[in-house]
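A.B. asks: Be aware that the sequence shown starts at 12, since it is given in this note's numbering, and climbs by one per residue.
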Amino acid sequence: MLNTAVSAFVQSEVSDAMRGRMMSVYAVISMGGSPVGGPVIGWISQHAGARWGLVVGAVTAVVSAVAVALWLTRRSPSRLALAAPTRRTGELAQDPPRSRGVF
Numbered sequence: 012m013l014n015t016a017v018s019a020f021v022q023s024e025v026s027d028a029m030r031g032r033m034m035s036v037y038a039v040i041s042m043g044g045s046p047v048g049g050p051v052i053g054w055i056s057q058h059a060g061a062r063w064g065l066v067v068g069a070v071t072a073v074v075s076a077v078a079v080a081l082w083l084t085r086r087s088p089s090r091l092a093l094a095a096p097t098r099r100t101g102e103l104a105q106d107p108p109r110s111r112g113v114f
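(1) Please go through the same chain and pick out, in chain order, the residues whose beta-carbon is closer than 7 Å to the beta-carbon of arginine 30, but skip the five residues on each side of it.
(2) Look up serine 87 in the DSSP assignment and say whether it is helix, strand or coil.
(3) From isoleucine 55 to tryptophan 63, what distance separates their C-alpha atoms?
(4) Am I right that asparagine 14 and serine 41 are in contact with their C-beta atoms under 8 Å? What's the rounded C-beta distance?
(5) So for serine 35, helix, strand or coil by DSSP?
(6) Nearest-angstrom Cα distance between glycine 68 and alanine 28?
(7) Considering just the uninterrupted stretch of the alpha helix (DSSP H) at alanine 16, what are its terminal residues?
(8) Work out the CA separation of valine 39 and valine 47 for me, nearest whole Å.
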């Protein structure tokens, strides 16, 4: 269910010109991590215990997320800004607000 929600969110929030590229990156990341990380975490779990396998997997996920967030903020700080669009007083909206999907 989470895969479907994330896929729908990515497809609805990305511009038409970039949708195919983003979906290919999403597919590589979501499906390509298991064949690489599975044997490594399995080996750690076998030799150090299941708890350490989970800890290493969680730490790897958090470090990866922080690294990507730092890379994105240094590359283009304005892309991560959550500012509402501004309109002049009395100006009517041309289009209804875009749905944010499931989230």
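Idealized CB from N, CA, C, for every residue including glycine.
C.D. replies: According to the structure data:
(1) Gln22
(2) coil
(3) 7 Å
(4) 7 Å
(5) helix
(6) 34 Å
(7) 13-24
(8) 12 Å
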